[in-house]
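Numbering (my numbering), first residue to last: 30 to 361.
Glycine included, C-beta positions come from ideal geometry on N, C-alpha and C.
In this text, all values refer to a predicted model and were calculated from it rather than measured experimentally.
Single-structure report; data block below.
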Amino acid sequence: MKFYQCKGSCVGCKSYKVSVPGSLMLFGEHAVLYGKQAVVAAINHYIHVELIPSRDRNIRIISSEFGEHVVRFNKFNITSPYDYVLTAIKQYLGRIDCGFLLRIRSEFPPNIGFGSSAAVTVATLGVLAIWLEGETPSLVSLYKQAVKVVRLVHGIGSGADVAASVFGGIIAYRMKPLKIEKLNNVSLPLVAVYSGSKIPTFEVVSRVEKKYVQFPTVFADLYNAMGLCAKKAIIAIKKNNLMCVGDLMNIHQGLQDALGVNNATLAELIFELRIQSNIFGAKISGAGMGDCIVGVGKIIADVFPQNNAQQKLGVKQIDVVVSDRGFNYETF
Ligand code: MEV
Numbered sequence: 030m031k032f033y034q035c036k037g038s039c040v041g042c043k044s045y046k047v048s049v050p051g052s053l054m055l056f057g058e059h060a061v062l063y064g065k066q067a068v069v070a071a072i073n074h075y076i077h078v079e080l081i082p083s084r085d086r087n088i089r090i091i092s093s094e095f096g097e098h099v100v101r102f103n104k105f106n107i108t109s110p111y112d113y114v115l116t117a118i119k120q121y122l123g124r125i126d127c128g129f130l131l132r133i134r135s136e137f138p139p140n141i142g143f144g145s146s147a148a149v150t151v152a153t154l155g156v157l158a159i160w161l162e163g164e165t166p167s168l169v170s171l172y173k174q175a176v177k178v179v180r181l182v183h184g185i186g187s188g189a190d191v192a193a194s195v196f197g198g199i200i201a202y203r204m205k206p207l208k209i210e211k212l213n214n215v216s217l218p219l220v221a222v223y224s225g226s227k228i229p230t231f232e233v234v235s236r237v238e239k240k241y242v243q244f245p246t247v248f249a250d251l252y253n254a255m256g257l258c259a260k261k262a263i264i265a266i267k268k269n270n271l272m273c274v275g276d277l278m279n280i281h282q283g284l285q286d287a288l289g290v291n292n293a294t295l296a297e298l299i300f301e302l303r304i305q306s307n308i309f310g311a312k313i314s315g316a317g318m319g320d321c322i323v324g325v326g327k328i329i330a331d332v333f334p335q336n337n338a339q340q341k342l343g344v345k346q347i348d349v350v351v352s353d354r355g356f357n358y359e360t361f
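Below, the structure written as C-alpha cells:
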C-alpha cells in the first residue's frame, strides 16, 4: 500500500493536535452580511482536534458530541453532523494517501451559539495543513479556506466567527471589503447566558432577509445603525469604557429586536442580566431567536437560571473570558 510521503512524520510517527476557541458575536449580527462593521470575541471554550495517521484507507472521526463516523476514500460523501469536518477534509482529499483518525473534543455543546461550526472547521483544516504541509498554515490563508468551507456547507456566513477562532482576541470585523483588526491590549469582561434553545442560523438569516425584502429602506437604516454601534463600540473597547460598551449593547439589542430576532425568553434574560450590579449592558449574541445572550461586566455568583421555568428550558449561565489565543498547534 502506498502511503503519503510526509516530511518524516507519517503513519505511526506522531499525532497532531490543535485547539481553536469558540466565539461570541458582540455587535453587528445580520448587518455584517450587508458589509457593516461587526465585533466578535474569541472565548476560553475550545475545540480540540487530534489527527493520527493510520495504515488503512479509512477516515475515522470520533467526537465527544456525535460519536464515531467512518468514511472510506473511494466512497467519500458528506453527511451531517460531520458536514463541516468532511467538507474541510474534502479540500485536501487529492493529497491524502493514507487513512487517519480525527479525534474531536469540544469543551462546549454545538447548539449554544459559541460558533462551533466555524471552530471545528478551522481546527480540521489547520490540523490537515500541519500534517500534509509539515508547517503551521498562515493565519490569513487558514481564515480564507475556513470561510470557503463554511459557505460551502451553510450557503451563507460573514466569516466573523471564523476570524475570531483563527486570530483570537476581540476582532473588529468587516466582511466586504474584508477588514480584520485584532484589538490588542484590551480587556472586556463578558457574561453569557444560554437561553435553552436554538434555531439554525441559516433559518434565522432567511427569515430576516424576507423582512428586509418587505421593508428594504427600514432594514437598511437598521443595519446602518447597527454598524454605527459597532464602530463606536470599537472605540469604547479600545478606551476600556465599559459603561459606553454596555450602553451600545443595549441600543444594539433594540435594533436586533426590530429585525425580529428577539423572543420572550431572550428578552426576559436580557432584562434580568441588565439589573445585576456590575453589568453595563446586555444583548442577544449571534443570529437570535435562541442561543445566548451576552452582557458586558462581571457577575460574581450564579444567578441563572432564576426560576423553575428557566431551569426547565435549560437556561444556563456560562462564564466566559476573552481568549487571546486563536488557532493553536499544540506541540509536545
Ligand atoms: C451569526 O452568529 C451572525 C450572523 O450575522 C451570521 C453571520 O455573521 O454569518 C447572523
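Among the options, which has the Cα closest to the Cα of residue i?
{"i": "LEU212", "options": "LEU80, ALA201 and PHE248", "result": "ALA201"}
{"i": "LYS240", "options": "PRO206, ALA287, GLY275 and GLU210", "result": "ALA287"}
{"i": "ASN395", "options": "ALA189, PHE56, PHE333 and ALA148", "result": "Because the chain spans 30 through 361 in this model, residue 395 falls outside it and cannot be assessed."}
{"i": "LYS210", "options": "ASN253, LYS267, ALA296 and MET255", "result": "The amino acid at residue 210 is misidentified as Lys; the sequence shows Glu. Of the listed residues, the one whose Cα sits closest to GLU210 is LYS267."}
{"i": "SER93", "options": "ILE81, PRO110, VAL100 and SER83", "result": "PRO110"}
{"i": "LYS341", "options": "TYR223, LEU55 and ILE118", "result": "TYR223"}
{"i": "SER48", "options": "ALA71, GLN339, HIS183 and ALA189", "result": "ALA71"}
{"i": "ASP85", "options": "ILE125, ASN73 and MET54", "result": "ILE125"}
{"i": "LEU271", "options": "GLY184, LEU168, ALA158 and LEU217", "result": "LEU217"}
{"i": "LEU284", "options": "VAL237, TRP160, GLY326 and ARG354", "result": "VAL237"}
{"i": "VAL156", "options": "ALA175, LEU55 and GLY144", "result": "ALA175"}
{"i": "VAL233", "options": "ASN292, THR246 and GLY326", "result": "ASN292"}
{"i": "ALA221", "options": "GLY355, PHE137 and THR246", "result": "PHE137"}
{"i": "ILE264", "options": "SER306, PHE231 and VAL215", "result": "VAL215"}
{"i": "GLN231", "options": "ARG180, ARG354, MET54 and GLU97", "result": "Gln is not the amino acid found at residue 231; the sequence shown has Phe there. PHE231 has its Cα closest to that of ARG180, out of ARG180, ARG354, MET54 and GLU97."}
{"i": "LEU207", "options": "PHE248, TYR172 and ILE91", "result": "TYR172"}
{"i": "ARG134", "options": "THR165, LEU168, TYR75 and PRO166", "result": "TYR75"}
Quick check on the DSSP output: the alpha helix (DSSP H) that includes residue i runs from which residue to which?
{"i": "GLU162", "result": "145-162"}
{"i": "GLN282", "result": "271-288"}
{"i": "ASN337", "result": "337-342"}
{"i": "ALA330", "result": "Neither: ALA330 is in no alpha helix (DSSP H) and is coded neither H nor E."}
Would you say residue i touches the ligand MEV, meaning its beta carbon is less than 8 angstroms from a heavy atom?
{"i": "ILE185", "result": "yes"}
{"i": "GLU238", "result": "no"}
{"i": "ASP190", "result": "yes"}
{"i": "MET318", "result": "no"}
{"i": "LEU219", "result": "no"}
{"i": "GLY64", "result": "no"}
{"i": "MET54", "result": "yes"}
{"i": "GLU210", "result": "no"}
{"i": "THR230", "result": "yes"}
{"i": "GLU162", "result": "no"}
{"i": "VAL182", "result": "no"}
{"i": "GLY256", "result": "no"}
{"i": "GLU58", "result": "yes"}
{"i": "ALA262", "result": "no"}
{"i": "VAL68", "result": "no"}
Quick one: what's got a C-beta closer than 6 angstroms to residue i's C-beta in the same chain, skipping five residues either side?
{"i": "GLU79", "result": "SER44, LYS46 and ARG132"}
{"i": "SER226", "result": "GLY319"}
{"i": "GLY343", "result": "GLY225"}
{"i": "ASP348", "result": "none"}
{"i": "LEU62", "result": "SER187"}
{"i": "GLY144", "result": "GLY51, SER52 and ASP190"}
{"i": "GLN346", "result": "VAL222, ASP331 and PHE333"}
{"i": "LYS31", "result": "Any reading at LYS31 is ruled out, since the residue's pLDDT is 37, under 50, leaving its predicted position unreliable."}
{"i": "ILE91", "result": "GLU97 and ARG132"}
Does the distance from the C-beta atom of residue i to that of residue j stay below 9 angstroms?
{"i": "HIS59", "j": "VAL290", "result": "yes"}
{"i": "GLY310", "j": "ASN279", "result": "yes"}
{"i": "LEU6", "j": "GLY324", "result": "Past the boundaries of the shown model lies residue 6; the chain is included only from 30 to 361, so the question cannot be answered."}
{"i": "GLY57", "j": "MET255", "result": "yes"}
{"i": "VAL99", "j": "ILE107", "result": "no"}
{"i": "ALA105", "j": "LEU130", "result": "The sequence given here has Phe at residue 105, not Ala. Going by C-beta atoms, PHE105 is not nearer than 9 angstroms to LEU130."}
{"i": "LYS261", "j": "CYS273", "result": "yes"}
{"i": "LEU298", "j": "ILE328", "result": "no"}
{"i": "LEU219", "j": "VAL350", "result": "yes"}
{"i": "ALA330", "j": "MET204", "result": "no"}
{"i": "PHE102", "j": "GLY128", "result": "yes"}
{"i": "SER235", "j": "VAL182", "result": "no"}
{"i": "GLY315", "j": "GLY142", "result": "yes"}
{"i": "ASN140", "j": "SER352", "result": "no"}
{"i": "ALA152", "j": "HIS77", "result": "yes"}
{"i": "ASN253", "j": "LYS65", "result": "yes"}
{"i": "GLY198", "j": "GLY275", "result": "no"}
{"i": "GLN335", "j": "GLU359", "result": "no"}
Kindly indicate the opening and closing residues of the beta strand (DSSP E) around residue i.
{"i": "TYR75", "result": "67-82"}
{"i": "GLN346", "result": "345-349"}
{"i": "PHE309", "result": "308-314"}
{"i": "ASN87", "result": "87-92"}
{"i": "MET54", "result": "45-56"}
Spatial neighbours of residue i within its chain, please: CB distance less than 8 angstroms, with the 5 preceding and 5 following residues excluded, ordered by chain position.
{"i": "LYS178", "result": "The question names Lys, but residue 178 in the sequence shown is Val. Within the same chain, VAL178 has close Cβ partners TYR113, THR116, ALA117, GLN120, THR150 and LEU154."}
{"i": "ARG303", "result": "ASN279, GLY310, ALA311 and GLY324"}
Does any heavy atom of the ligand SAM sit closer than 8 angstroms to the C-beta of residue i?
{"i": "GLY51", "result": "Only the ligand MEV can be found as ligands here, which leaves the ligand SAM out of the picture."}
Any beta carbon from chain C within less than 9 angstroms of residue i's own beta carbon?
{"i": "LEU217", "result": "Looking for chain C here will not work: only one protein chain is present."}
Near residue i, what residues of its chain come up, given a Cβ to Cβ distance below 7 angstroms and the 5 sequence neighbours on each side ignored?
{"i": "HIS281", "result": "PHE56, MET255, CYS258 and LYS312"}
{"i": "ASN307", "result": "GLY326, LYS327 and ILE328"}
{"i": "PHE196", "result": "LEU168, ILE209, LYS211 and GLY355"}
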